[in-house]
Structures are given as C-alpha cells and as structure tokens.
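Taking my numbering, the leading residue of the sequence shown gets 8, the next gets one more, and so forth.
Where is the CB? At the ideal position from N, CA and C, for every residue including glycine.
Heads up: the structure comes next, in structure tokens.
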Amino acid sequence: MPVEFDKTNGLINLHNKNISYIIQILDHKYPVHRYFGRFIQNYHDNHDLPQGNHAFAVDVTPEFPYSITSLPLEYSTIGSGDYRLPSFLIKDSDNQLLPLLEYSSMTITHKPINPTQLPKSVTKNSPVSTLILHLKDPQTNLEMDLNYTIFEEENLILRSTTLKNSGTSVLMISAAASAQLDLPTNDYSTLTFSGTHAHEANPTLVPLHTGIQMQHTFRGTSGPQQQPFVALANPNTTEFNGEIISCALIWSGNFESAIEVDQYQHTRLKIGLESTTFNWQLLPGSSFQTPEAILTWSNSGFNGMSQILHNFGNQLKPLPRTKETIALNTWESMFFDVSEKKVENFIQQALPLGINMIVLDDGWFVNRHSEDGQLGDWQYDSHKFPHGLEPLVKQAHRLKMKFGLWVEPEMITENSQLYSKHPEWTLNYKNRQPITARHQLVLDLSQLKVRQHLLTTLLNLVQDNHLDYLKWDMNRHLTQVGNAWLPAEQQDELYYRYVIGLYDLLKKLRQACPNLIIENCSAGGGRLDFGMMAYTDQTWLSDLTDPIDRAKIENGFSYLFPQNIFSNHASASPNGQNGRQTTLQSRLQLASIGQMGFELDLNTLTENDKTLIKQQILKYQNWWSPAFNNAAFYRLTQIGDDTKVTWLLVTNDKKQALIFYSYGISSAVKRITTLPLHYLDDQATYHSLNNETFSGAELNSIGLTIPPVQNDFETQLIWLGQN
8 MPVEFDKTNG
18 LINLHNKNIS
28 YIIQILDHKY
38 PVHRYFGRFI
48 QNYHDNHDLP
58 QGNHAFAVDV
68 TPEFPYSITS
78 LPLEYSTIGS
88 GDYRLPSFLI
98 KDSDNQLLPL
108 LEYSSMTITH
118 KPINPTQLPK
128 SVTKNSPVST
138 LILHLKDPQT
148 NLEMDLNYTI
158 FEEENLILRS
168 TTLKNSGTSV
178 LMISAAASAQ
188 LDLPTNDYST
198 LTFSGTHAHE
208 ANPTLVPLHT
218 GIQMQHTFRG
228 TSGPQQQPFV
238 ALANPNTTEF
248 NGEIISCALI
258 WSGNFESAIE
268 VDQYQHTRLK
278 IGLESTTFNW
288 QLLPGSSFQT
298 PEAILTWSNS
308 GFNGMSQILH
318 NFGNQLKPLP
328 RTKETIALNT
338 WESMFFDVSE
348 KKVENFIQQA
358 LPLGINMIVL
368 DDGWFVNRHS
378 EDGQLGDWQY
388 DSHKFPHGLE
398 PLVKQAHRLK
408 MKFGLWVEPE
418 MITENSQLYS
428 KHPEWTLNYK
438 NRQPITARHQ
448 LVLDLSQLKV
458 RQHLLTTLLN
468 LVQDNHLDYL
478 KWDMNRHLTQ
488 VGNAWLPAEQ
498 QDELYYRYVI
508 GLYDLLKKLR
518 QACPNLIIEN
528 CSAGGGRLDF
538 GMMAYTDQTW
548 LSDLTDPIDR
558 AKIENGFSYL
568 FPQNIFSNHA
578 SASPNGQNGR
588 QTTLQSRLQL
598 ASIGQMGFEL
608 DLNTLTENDK
618 TLIKQQILKY
628 QNWWSPAFNN
638 AAFYRLTQIG
648 DDTKVTWLLV
658 TNDKKQALIF
668 YSYGISSAVK
678 RITTLPLHYL
688 DDQATYHSLN
698 NETFSGAELN
708 SIGLTIPPVQ
718 NDFETQLIWL
728 GQN
C-alpha cells in the first residue's frame with residue numbers, strides 16, 4: 008500500500024519504493040509534517056515536536072502541550088497563534104479570518120486529482136495514488152481538502168488544495184497556496200531562477216538566512232523575470248551529489264514562492280497564487296481549486312532533481328512525435344517584409360537542405376508592416392499575398408513539408424476591426440485611458456464570448472489553410488486587469504480567471520486539432536512553465552539566437568524542463584541581438600540539441616554553408632528521432648560556472664550518447680581537458696565516430712579527452728555508441 012495509516016498515533020506514511028512523505032494527525036485535529044525524503048519502511052513516533060514553552064507563544068494545555076506558533080503544519084493561517092507566512096487566508100461574512108481548520112477524515116484513491124479547469128497533470132500511463140485529508144470549519148461549514156498524489160515510479164508528489172463552501176454565507180479567499188512544507192532546520196541553500204528578455208533562466212544559489220526570501224510576479228504571466236519554482240539544497244550539493252527538495256507550480260500566471268526561516272531556525276516553504284493580486288468569492292455551494300505544485304526529492308544532486316522534473320514534463324506533453332520537424336522561420340531574415348514570392352523562394356531553397364517545415368512569422372496579416380501595425384483580425388494581407396496563404400501551404404505539402412504561422416491571439420491593437428466593434432473585450436479600467444505595451448492591449452480571456460471568438464478565428468485559420476503548426480506568442484504583460492461584467496467585489500479574481508480562460512482556449516484548440524504542433528512563445532521563454540507545457544509541444548526559449556548566450560539560457564531552463572521541448576534555431580553571424588561572431592558549425596551544433604530550426608536568409612549561404620547544413624541535418628535526423636527524443640539530459644559543468652556549458656545526452660538504453668561542449672573564451676595556455684561523463688554504462692564499451700574505443704567505466708571516472716582550440720566560442724558535438 009502506498010498510503011499507510013496508523014490509527015494509534017495518527018501517522019500517515021505516503022510512499023513509493025524511493026521516498027516517504029510522513030504526516031501526523033496531531034490530537035485528532037491538526038495535520039503536521041514529520042518527514043520528507045528517502046523511503047522509510049517503519050517510522051516510529053520518537054522524534055519530539057516543538058513544545059509550547061517559549062515566549063510570545065499562545066497558551067498550551069496539559070492535554071495539548073504544543074504551540075501552533077512553532078508546529079510544522081501541513082497548512083496554515085494567521086490569527087490562531089502561527090505568526091509565520093500563511094498558506095491560506097479566508098474570511099467569513101463578518102470579515103474575520105477563519106481559524107485553523109480541523110481534520111475530519113481521509114480518502115485514499117488510485118486516481119489523480121486532474122482538476123477540470125487546470126492542466127491535466129497525470130496521464131493514464133502514470134500509476135499514482137492520492138491521499139486526500141479532509142478538514143472542516145464547523146461554524147461556516149467550509150470544507151478543505153489537502154491533496155497529495157504520489158507517483159509510483161518517480162520521487163514526486165503533486166500537492167494542491169480544494170475548498171468547498173457547504174455553508175450558507177459567502178466566504179472570501181485572499182491567499183491560497185498550493186503547497187506548504189515545514190522543515191525542522193535551516194541548513195539549506197535555495198535555488199531560484201530569474202531573468203529578462205533575451206537573458207532568461209539565470210540560476211541563483213544562496214544560503215538561507217533568518218527572515219523571508221520570496222519570488223513572485225504581478226505581471227499576469229509566469230516569467231521571465233521570476234520562475235514559479237524553488238529548491239532547497241543541502242550544503243555542498245553539486246550537479247552529481249547531494250539532497251534536494253524542489254517545488255514547482257503548474258501555473259502560468261501570478262505566483263508566489265516564499266521561504267521563511269523563523270526565530271527557532273525552522274524553515275517554511277510555500278508556493279501558490281500571488282496574494283496581492285488575488286481575492287476569490289467562495290459562494291455557498293461553490294468550490295475553488297488551487298493549481299497543483301510538483302514536490303520532488305533527490306539525493307543525486309541537481310541532475311537527479313532535473314531527471315525527475317524532465318520525466319514528469321515528458322508525460323505532460325500533449326503530442327507524441329513520430330518525426331522531428333526542422334523549421335525555417337522567416338523572422339530574422341525578413342522581419343515584417345514578407346511576401347508570397349519571398350516565401351515561395353524560401354520553400355524551394357529549404358527543400359534541398361533537408362528542412363521540412365516553413366514558418367511564416369509576424370507580418371503576414373492586414374496592415375502589419377511594423378510592431379505598431381494592426382493586430383487582432385488575423386486576415387492575410389492581400390497585397391503581400393494576392394492569392395492567399397493556401398497556395399503556399401499546398402506548395403509545401405506537395406514537397407512533403409509542413410507549414411505554420413505566427414499568431415498572438417491574446418493581443419489586440421486599437422486600430423483593429425475587432426477593437427472598433429468590441430472595445431469591451433479588452434482588459435480595462437472604467438473611465439481610464441487604456442495603457443498599451445508594444446502598442447497592444449490584452450483581450451479579456453475570462454470572457455467566454457472572447458474565447459469563443461478566438462477559437463473560431465483560430466480554427467478557421469488552421470483548418471481552411473491546412474496548417475500544421477502555430478507559433479503562439481505573447482509580447483506584453485497585463486495591466487489594468489479589470490472589466491465591466493464582473494461585480495466590484497470580484498474584480499480581484501481576474502488574474503486567476505484570465506489564466507483559466509487561456510487554458511480553456513488552448514484545450515479546445517487541441518481537441519479540435521489534435522495533430523497541430525503548437526510552439527509556446529512569450530518574446531522568447533517569457534512563459535515557459537509546467538502549465539503551458541501541458542498544452543504546447545515546444546517552446547521558443549529566447550529571442551536571443553547567439554549560440555554562446557543561448558547555451559547558457561538553455562542550461563538554465565534544463566534544470567526544470569526536458570531538452571526535447573526547446574526550439575533551437577541556427578541564425579546569422581554576426582548575431583542580430585548581441586553582435587557576436589560565431590562559426591556556422593557552432594550554431595548548428597547547439598541547434599541540434601532540442602527541436603532544430605533556422606532563422607537564416609538562405610540567399611546569403613555559400614555552397615560550403617549549404618553542405619555543412621545538409622550534413623548536420625542528416626546527423627540530427629539519425630540521432631534525434633527516435634533515439635534521443637526522450638534521452639536523459641545531464642549538465643557536466645557545476646552550477647555557477649559561467650565560462651562554459653557542457654551537456655551529456657544518454658539514450659534510455661545507454662547505448663548512445665551525445666556530448667555538447669562549449670569552450671567559451673580561448674586561452675594562450677593550451678590545455679587538454681578531461682571530462683568525466685558520470686552516467687554511461689560502466690560495463691559497456693563505447694566507440695566514437697573517429698573509431699576510438701573506451702570502456703564506460705573509464706569515460707565515467709576518468710573522462711573524455713577534449714582538445715584545446717585556437718578561437719573563442721568554439722563548440723564540439725561528440726557522438727558515442729556501444730559496440
């Protein structure tokens with residue numbers, strides 16, 4: 008049984024063969040946290056809980072000598088003696104905070120929660136067990152379910168909370184965390200990620216300190232400034248060794264992750280909805296569901312943590328790939344200056360190189376010649392495309408190529424036809440001048456009629472033109488998050504309702520077009536999270552296509568997400584964003600890690616360039632599909648090393664490996680580097696394309712020899728296979 012309950016002492020052991028999560032129902036009232044880590048078969052109740060004999064604590068009784076002030080709780084609020092960060096704040100009709108709810112019963116099932124309005128987090132092929140702790144407030148009849156879903160094969164638990172108002176009066180939720188974890192020590196470092204446009208996913212690893220460390224966003228989306236993720240690592244944890252607890256939110260909107268070290272050096276971690284921009288009216292008979300949080304434990308360093316998250320992410324993805332697409336995108340070669348003739352030539356030039364998908368980016372629709380042009384009507388420009396889009400799609404399909412378009416469905420401009428008809432469909436404040444960003448306003452996805460219009464528009468676009476792919480972009484964040492149809496007391500629900508509306512739109516589009524490839528983009532990786540992963544197939548990681556800086560971005564995102572969702576394109580040199588000059592080989596080698604593609608003007612290529620591209624595409628097709636599509640991905644450079652990026656990809660059977668090595672700045676002192684690979688089969692024999700032979704043990708323990716280079720920013724991509 009993955010859930011064991013000892014009624015004599017109230018201990019619950021939620022476990023699989025690798026991990027245990029132990030809860031105790033204290034005094035038949037309060038769920039308290041006792042342990043999370045390596046699997047324990049027999050847990051004895053011999054570890055003392057904090058007593059209530061300290062200053063400023065609320066009074067205790069002989070029957071209950073524990074103080075709420077310092078107990079390691081599974082859920083918390085304020086007003087009952089717990090002065091730490093609360094996971095929930097709920098007020099009754101008298102505007103008074105509810106006290107801690109008390110345990111009433113539990114349910115154990117082998118089904119996941121999979122909330123109906125939120126991303127489906129567990130597929131049919133993932134065996135799980137779910138523990139639900141039922142709590143209740145007898146005065147208001149509020150019911151709270153603490154949900155714990157454990158995976159049979161992974162060191163992973165999904166946490167969430169469901170609230171149901173079974174009373175007769177309205178309740179107000181003003182804070183709602185998905186998970187809380189109280190730990191008995193503060194001997195950790197915390198790992199978080201931050202960034203900005205073209206500089207996403209930068210890791211920060213710092214020791215915990217007394218007080219509060221917090222990450223949050225008010226932007227209406229999940230990033231790139233902050234990532235809805237936090238990890239606690241034991242001291243001296245490396246990529247290869249050390250214990251780590253991590254927590255990520257399956258959510259694409261405002262979030263809040265916080266760690267508090269209290270006066271007794273206890274640690275509280277919580278993650279959930281950002282509370283400043285959130286309130287929710289819980290009407291009698293209604294329910295509210297928090298997003299799910301992913302809780303993991305690993306004793307194999309940061310790479311071990313990543314493997315758990317990658318495996319979870321891979322079972323989230325909506326569309327299994329039978330053949331990898333290699334895209335040629337018009338953006339960096341044409342920008343807004345696209346036309347029928349140019350795209351026709353693009354298709355003809357791309358085919359001999361082995362490229363099998365054309366993506367027509369921004370600029371294909373009416374009155375769109377710059378970023379301040381018309382947006383929101385999604386009608387092709389008859390001057391640029393006098394015969395429409397369908398002939399181009401047919402041309403691509405005749406040549407066995409796919410065809411896709413760039414769209415930004417959530418956005419609209421004031422000069423669009425849609426805005427002139429329905430200005431009330433945008434997020435707006437009554438009697439206030441609209442605030443634009445990138446010359447755009449945001450459509451209110453909380454409104455069903457807005458979503459229905461967008462779904463109809465997108466379906467017509469995809470089905471009438473027989474499209475294979477959409478690049479779904481979002482180039483601004485939310486402002487003036489209000490509308491005219493929700494009453495005043497519910498306006499603070501809009502940030503949550505917007506994301507639920509986005510998920511609903513994406514879900515219905517996927518149901519109607521199950522084979523459509525959808526690429527997630529928000530000016531690059533600005534909305535890469537586990538929520539969007541459930542509805543999209545791949546993500547444009549960054550608008551920065553320079554291979555050296557992009558490798559660092561990919562390295563950062565790899566802590567959370569599998570490399571097979573990374574849309575990775577080779578572009579021109581010097582790079583258009585940072586001016587760096589790199590070799591075509593380096594750009595191609597990085598593009599081969601992930602979903603390969605190009606942002607190039609093919610007219611500028613030499614014959615040698617074309618030969619190199621064809622050779623690399625052939626290698627990619629032979630390597631990636633199917634062998635490396637779900638390969639394990641490991642970082643071989645320690646966290647914080649900004650001088651180079653090194654990765655190892657190993658197929659599930661460990662019979663093949665790819666090593667990506669980026670040299671960074673060259674040195675006058677030419678030294679040979681040995682790179683231990685750590686994760687190959689010790690007992691196997693491997694060979695390289697140069698006919699060198701190695702044992703797996705020597706590659707793991709001694710390493711692969713990496714020769715020095717003469718120039719800056721060179722890379723190597725090395726294949727190894729078993730004999």
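DSSP bridge partner residues for residue i (one or two, in chain order)
| i | result |
| --- | --- |
| Ser-578 | Glu-606 |
| Ile-29 | Asn-20, Tyr-42 |
| Cys-254 | Val-237, Leu-302 |
| Ala-186 | Ile-278 |
| Thr-211 | Thr-199 |
| Gln-729 | Tyr-693 |
| Ala-664 | Val-657, Leu-727 |
| Tyr-73 | Gln-58 |
| Asn-318 | In the DSSP output, where bridge partners are listed per residue, Asn-318 has none listed. |
| Gly-249 | Ser-307 |
| Ile-180 | Ile-97, Trp-287 |
Status (buried if at least 16 other CB within 10 Å, exposed otherwise) for residue i
| i | result |
| --- | --- |
| Ala-558 | buried |
| Tyr-271 | exposed |
| Asn-172 | buried |
| Ile-266 | buried |
| Gly-647 | exposed |
| Gln-103 | exposed |
| Gln-690 | exposed |
| Asn-562 | buried |
| Glu-699 | exposed |
| Phe-46 | exposed |
| Ala-491 | exposed |
| Gln-541 | Note on residue identity: the sequence assigns Ala, not Gln, to residue 541. So Ala-541 counts as buried. |
| Val-457 | buried |
| Asn-571 | buried |
| Ala-598 | buried |
| His-117 | exposed |
| Arg-439 | exposed |
| Lys-651 | buried |
| Ile-51 | Going by the sequence as given, residue 51 is His instead of Ile. It is exposed - the Cβ of His-51 has fewer than 16 other Cβ atoms within 10 Å. |
| Gln-187 | buried |
| Ile-672 | exposed |
| Ser-389 | exposed |
| Thr-414 | Residue 414 is actually Val in this sequence, not Thr. With 16 or more Cβ atoms within 10 Å of its Cβ, Val-414 is classed as buried. |
Residue i - DSSP class collapsed to helix/strand/coil
| i | result |
| --- | --- |
| Tyr-641 | strand |
| Ile-709 | coil |
| Thr-680 | strand |
| Val-345 | coil |
| Ala-541 | coil |
| Ser-128 | coil |
| Thr-147 | coil |
| Val-350 | helix |
| Phe-309 | helix |
| Gly-703 | helix |
| Asn-629 | helix |
| Phe-95 | strand |
| Ala-205 | coil |
CB of residue i within 7 Å of CB of residue j, strictly
| i | j | result |
| --- | --- | --- |
| Asn-522 | Thr-546 | no |
| Thr-653 | Ile-679 | no |
| Gln-386 | Asn-422 | no |
| Glu-159 | Asn-23 | yes |
| Pro-231 | Glu-263 | no |
| Ala-300 | Ser-185 | yes |
| Tyr-110 | Ile-30 | no |
| Asp-608 | Ser-340 | yes |
| Tyr-693 | Leu-727 | yes |
| Pro-126 | His-317 | no |
| Ile-333 | Asn-352 | no |
Exercise. Counting only runs of 3+ residues fully inside the region 460 to 506, write out the beta strand (DSSP E) ranges in chain order.
Key: 476 to 479
Practice problem: Please list the segments of the alpha helix (DSSP H) lying wholly inside the region 391 to 474, counting only runs of 4 or more residues, in order along the chain. | Solution: 397 to 405, 424 to 428, 455 to 472
Quiz prompt | Minimum length 4: unbroken alpha helix (DSSP H) runs contained in the region 525 to 571 | solution = 537 to 540, 554 to 564
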